[in-house]
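Chemist: Numbering (the numbering used here), first residue to last: 10 to 301. Below: one structure in structure tokens.
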Amino acid sequence: MKSVLKVIGYGVVVLIALLVVSYSVMHVRTTMHMNRVYQIQPAPVSIPTDSNAVAWGKHLAVSRGCLKCHGDNLSGKTINDDFALGLLVSTNLTGGRGGVAQQRSDSDWVRAIRHGVGADGKPLIAMPSQDSYYMSDEDLGSLIAYIKQVPPVDNEVPENKIGPLARVLYQFGKLDVLIPAEMIQHDAPRPESPLAGVTPEYGRYLVRGNCQGCHGETLAGGPPLVPGFPPVANLTKSGPLANWQEPDFIKTMRTGQTPEGKQLDSEHMPWKELGQMTDTELRAVWTYLHTM
């Protein structure tokens, strides 16, 4: 009996050692990926200064979720704080104490938003640039114009600390959004952006930047993006939207309540932000979804 217990004890020790070594390797590899330096010289984008462009930039900041992550005044905030996934804090984008605005050039803003890479060349953690890479120069310029004129706010945010579960999931390919810069083909050509209007083309442009990041390229949804999240909904004709009409879609986006009476969780489906899109934008999205 003692010999059996001894063998079991050795087995447990070996198993623990293997787990420690395996996690140590994953920890180091994740850190190496986060410290990789990208040599990216973004194509120049004209930054307007007129009030209409700044107003449109604010609209984009709201409807695309910039304020949801960076705070209503863009001064940064804690997005997640637990042992498993770690401490994830968004950057203070203003010119106040702890902010980055005064140290950022127009090129730096383009590199960060479009490529997910910071001024130091390192990838930005969980910055959804895989969605904004295809944003038009006009929209990107307006967004940057708005960010640059936001009043300074003093807020010194702590550094991100990636937890063990996040590192393990990333190494197994289950949390690619940890380092979005790796998801982007940085030299890929961007198609010309269509004119705004209730057209499938404009709807596709909006869906590409607002929906595909979660719902997938085919919009068919799938398993949860992160453990603990709900499954991702199917937005194609084979899903619940097959029985919806345009007014149903717009009402759902504005109120968060589906025609079936289900209340959407705004933490997982950002309807409060997307619902701020204009009628033209939402109708264009609906028009495009009907082509899927």
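The beta carbon of each residue, even a glycine, is placed where N, CA and C say it ideally should be.
When you compare the CB positions of Gln180 and Met43, do they come within less than 7 Å of one another, or not?
Modeler: Against a cut-off of 7 Å, the Cβ pair of Met43 and Gln180 comes out as no contact.
Chemist: How is Ile56 classed by DSSP in three states: helix, strand or coil?
Modeler: Coil, per DSSP.
Chemist: Short check: CB of Leu283 to CB of Met301, under 7 Å?
Modeler: No. Outside cutoff.
Chemist: Enumerated in chain order, which unbroken segments of the alpha helix (DSSP H) with a length of 4 residues or greater are wholly contained in the segment 129-158?
Modeler: Fully enclosed alpha helix (DSSP H) runs of 4 or longer: 138-141 and 146-157.
Chemist: Excluding the 5 residues flanking Gly105 on each side, which residues of the same chain have their C-beta closer than 6 Å to its C-beta?
Modeler: Within the same chain, Gly105 has close Cβ partners Pro161, Val162 and Asp163.
Chemist: Hey, would you say Gln285 sits closer than 7 Å to Val63, going by beta carbons?
Modeler: Going by C-beta atoms, Gln285 is not nearer than 7 Å to Val63.
Chemist: Over what stretch of residues does the beta strand (DSSP E) that includes Asp90 continue unbroken?
Modeler: Start and end: Thr87 to Asp91.
Chemist: Relative to the C-alpha of Leu94, which residue among Ala154, Asn169, Pro209 and Gly206 is closest?
Modeler: Closest option to Leu94, Cα to Cα, is Asn169.
Chemist: Under the assumption that Leu187 contacts Ala229 (Cβ atoms under 8 Å), give the Cβ distance between them as a whole number of angstroms.
Modeler: Incorrect: roughly 23 Å between the Cβ atoms, too far for contact.
Chemist: Using 7 Å as the threshold, is the C-beta distance between Leu69 and Leu83 below it?
Modeler: Result no, Cβ atoms of Leu69 and Leu83 do not sit closer than 7 Å.
Chemist: Take Ala197 as the anchor and find which of Val109, Met144 and Leu28 has the nearest alpha-carbon.
Modeler: When each option's Cα is compared against that of Ala197, the closest is Met144.
Chemist: Name the one or two DSSP bridge partners that Leu97 has.
Modeler: The partner list for Leu97 (beta bridge, DSSP) reads Asn89.
Chemist: Which full runs of the alpha helix (DSSP H) of 4+ residues lie inside the segment 165-242, going along the chain?
Modeler: Entirely contained in the segment 165-242, the alpha helix (DSSP H) runs reaching 4 residues are, in chain order, 173-180, 209-219 and 221-224.
Chemist: Could you say if the segment 241-261 and the segment 116-126 meet the contact criterion of at least three C-beta pairs nearer than 8 Å?
Modeler: Contact between the segment 241-261 and the segment 116-126 is absent, because fewer than three Cβ pairs lie under 8 Å.
Chemist: Please look up how many angstroms separate the CB atoms of Val235 and Leu204, rounded, as I've assumed it's under 8 Å.
Modeler: No, Val235 and Leu204 are not in contact; Cβ-Cβ is about 36 Å, not under 8 Å.
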